[in-house]
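Q: Handing you a structure now.
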Amino acid sequence: MVLENIMLIDGSGRGPCAASICCADGVVKKIERKTGAAIAESGIIAVPGFVDVHVHFRDPGFTEKEDIASGSEAAAAGGFTTVCCMPNTNPALHSPEILADIDRRARETGRVNLFALSAMTVGQAGRELANFAAMDRTPTLCRELTGHGICGITEDGKSLLNEDMMRQVLIAAKRLGLVVMDHAEPETEITERDIRLARETGAHIHIQHVSAAATVDLVRAAKKTMPNITCETAPHYFTLTSEALDRLGPLAKMNPPLRTERDREAIREGLADGTIDVIATDHAPHTLAEKSRPVDEAPFGIIGLETCFALAYTHLVKTGVLTLPQLIEKMSAAPARLIGLDRGIITEGKAADITLIDTAYEGVIDSSAFRSKGRNTPFDGMPVSGRVIKTLRAGAATFEVKENA
Ligand SMILES: [Zn+2]
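Number 213 in numbering that gives the first Met the number 0 belongs to position 214 of the sequence shown; there are no gaps in the numbering.
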């Protein structure tokens, strides 16, 4: 397969250039760069397949909201070639048996590299540590591609409030070489505690869904001396404020909540200065019935896989917060690095995980066209620039936009 005379952002940090990319056997065989060639008018650019380190596919246990097949389709439609599933399923992901079952079904679906994180504690009950070592040895796709059966440890959905137990998790993670993804709640207090514990144990802590200016400040200060602190934010925190909750109710209800204009500005500054390493979606589908309840009874979370690139391109690149190569780095190479995955750069000899984006596209977000079972988005009808038009996983098309869709 050849992508002929296409613009390329290869993910290595260099700017766009015209190129032809030849792929075979799932691998990039040859890249021919056309030096001096004019930037194509079409706006179609090949970028490394996106990696989302924070999704909820609700499988097993809540498959009326999403399942591995529908979540994988949504990921491919969003330009993602790898996703990391959170363990707050039913049962929670806390054993090699549950992990192996998810891995087997994800491989059958075959739309995306689906990795999973272990819960910190059995049943996310906060009492007994899960057997991380056994899961790390489980022969999953994640293990084939990263050397680890799981791509991290997290109690996502809640914080592990018992400090001594959190310390034990960090010591175990450090020993196994796994990242701990940290749902910090209350955000600033737990971030402060866990930066201290990361300093003490040397474990790598990745703060999930940073939403508050004070958290950005804490991470920025910590990073001056600690290479083992990273963090992510999600598109809703750089696009919306609590005003959306007043307007849209449950469709704008998530955890952590939308905050003030000052917080949104701080998230943008954190992205621009490198404090925030990764953009993740926290894709959190719920049924329409659940999201139709009164706002104080509706569940937390919004979907994000199929809106992420367009929102980020519109609100970060078009506004000058990030360059397009910088955005691609935060959606591909940086999250790949975080989980030890050798992807995120289009280069000869590496897997042909490639997403084609159309930066000239202007349209509105249409949730009725989503592959996800979820429709819980505050962005329906919102004008955006840019879209994903094709996704290749190891050279095979996993998504292609329908003409004029
Ligand atoms: Zn989450």
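For every residue, glycine included, the Cβ atom is placed at its ideal position computed from N, Cα and C. This structure is a prediction, so every number in the text was calculated from the model and none was measured.
Please report the Cβ distance between LYS64 and THR286, rounded to the nearest whole angstrom; I am assuming they are in contact, meaning their Cβ atoms lie under 8 Å.
A: On the sequence shown, position 65 is the one that residue 64 refers to. On the sequence shown, position 287 is the one that residue 286 refers to. Contact holds; Cβ gap of about 6 Å.
Q: Suppose contacts are defined by Cβ-Cβ distances below 8 Å. Is GLU305 in contact with PRO298 by that definition?
A: Sequence index remark: in the sequence shown, residue 305 carries index 306 (1-based). Sequence index remark: in the sequence shown, residue 298 carries index 299 (1-based). No. Outside cutoff.
Q: Is GLU72 closer than 8 Å to ARG261 when the C-beta atoms are compared?
A: Sequence index remark: in the sequence shown, residue 261 carries index 262 (1-based). Sequence index remark: in the sequence shown, residue 72 carries index 73 (1-based). No, these two residues do not count as a Cβ contact at 8 Å.
Q: Work out the CA separation of GLY343 and ALA211 for me, nearest whole Å.
A: For the purposes of this step, residue 211 is taken as the residue at position 212 of the sequence shown. For the purposes of this step, residue 343 is taken as the residue at position 344 of the sequence shown. Distance between the alpha carbons of ALA211 and GLY343: 28 Å.
Q: Check ALA396 in the structure and name its three-state DSSP category.
A: Numbered from 1 along the sequence shown, position 397 holds the residue referred to as residue 396. The answer is strand: DSSP assigns ALA396 an E or B state.
Q: How about ALA413 and ALA283: do their beta carbons lie closer than 8 Å?
A: With the chain covering 0 to 404 only, the question about residue 413 has no answer from this structure.
Q: Using only the heavy atoms of ligand 1, determine whether one of them is closer than 7 Å to the beta carbon of GLY151.
A: Against the sequence shown, residue 151 aligns to sequence position 152. Flag unset: Cβ of GLY151 not near ligand 1.
Q: For the beta strand (DSSP E) that contains SER19, what are its first and last residues?
A: Locating residue 19 in the sequence shown gives position 20, where the first residue counts as 1. 16 to 23 is the extent of the beta strand (DSSP E) around SER19.
Q: Going by the CB atoms, is the gap between ALA202 and ALA221 shorter than 8 Å?
A: Working through the sequence shown from its first residue, we reach residue 221 at position 222. Working through the sequence shown from its first residue, we reach residue 202 at position 203. Result no, Cβ atoms of ALA221 and ALA202 do not sit closer than 8 Å.
Q: In terms of residue numbering, what span does the beta strand (DSSP E) encompassing HIS314 cover?
A: Here the question's residue 314 lines up with position 315 in the sequence shown. Element bounds for HIS314: n/a, residue is neither H nor E.
Q: As a quick check of your reading: which residues have a C-beta less than 5 Å from at least one non-hydrogen atom of ligand 1, in chain order?
A: Here the residues come out as ASP155 and ASP281.
Q: For ARG104 and ALA124, what's the separation of their Cα atoms in angstroms?
A: Looking up residue 104 in the sequence shown gives position 105. Looking up residue 124 in the sequence shown gives position 125. Spanning the two alpha carbons is a distance of roughly 26 Å.
Q: If we ignore side chains and look at the alpha-carbon of each, how far apart do HIS147 and THR139 end up?
A: Along the sequence shown, read from residue 1 onward, the residue named residue 147 stands at position 148. Along the sequence shown, read from residue 1 onward, the residue named residue 139 stands at position 140. Whole-angstrom Cα-Cα distance: 8 Å.
Q: Taking buried to mean at least 16 other C-beta atoms within 10 Å of its own C-beta, is ASN112 buried or exposed?
A: Taking the sequence shown and counting its residues from 1, one reaches residue 112 at position 113. Label assigned to ASN112: buried.
Q: Would you please state the rounded distance, in angstroms, between the beta carbons of LEU337 and HIS208? I believe it to be under 8 Å.
A: The residue given as residue 337 occupies position 338 in the sequence shown. The residue given as residue 208 occupies position 209 in the sequence shown. At roughly 14 Å, the Cβ-Cβ gap does not stay under 8 Å, so LEU337 and HIS208 are not in contact.
Q: Spatial neighbours of LEU257 within its chain, please: CB distance less than 7 Å, with the 5 preceding and 5 following residues excluded, ordered by chain position.
A: Translated into the one-based positions of the sequence shown, residue 257 becomes position 258. Answer for LEU257: HIS235, LEU239, THR240, SER241, ALA243, LEU244 and ALA251, listed in chain order.
Q: Please report the residue range of the alpha helix (DSSP H) in which ALA212 lies.
A: What you label residue 212 is simply residue 213 of the sequence shown in a count that begins at 1. ALA212 -> alpha helix (DSSP H) spans 212 to 222.
Q: Pick out whichever of GLU328, VAL363, ALA91 and ALA99 has its Cα sitting closest to the Cα of GLY122.
A: Counting from 1 along the sequence shown, the entry for residue 122 is found at position 123. It is ALA91 whose Cα lies nearest to the Cα of GLY122.
Q: State whether the segment 356 to 363 contacts the segment 373 to 392, with contact taken as three or more CB pairs (one from each stretch) at a distance under 8 Å.
A: Touching, yes.
Q: Give me, in chain order, the residues of the same chain whose beta-carbon lies closer than 8 Å to that of GLU264; leave out the 5 immediate sequence neighbours on both sides.
A: The residue given as residue 264 occupies position 265 in the sequence shown. Only ALA212 meet the Cβ criterion.
Q: Please list, in chain order, all residues of the same chain as ARG166 whose beta carbon is under 8 Å from its beta carbon, the five residues on each side excluded.
A: As a first step, residue 166 must be located in the sequence shown, where it is residue number 167. So the list reads LEU196, GLU199 and THR200, once near-sequence residues are dropped.
Q: Could you name the residues that DSSP lists as bridge partners for GLY362?
A: Position 363 of the sequence shown, counted from the first residue, corresponds to residue 362. VAL383, per the DSSP bridge assignment.
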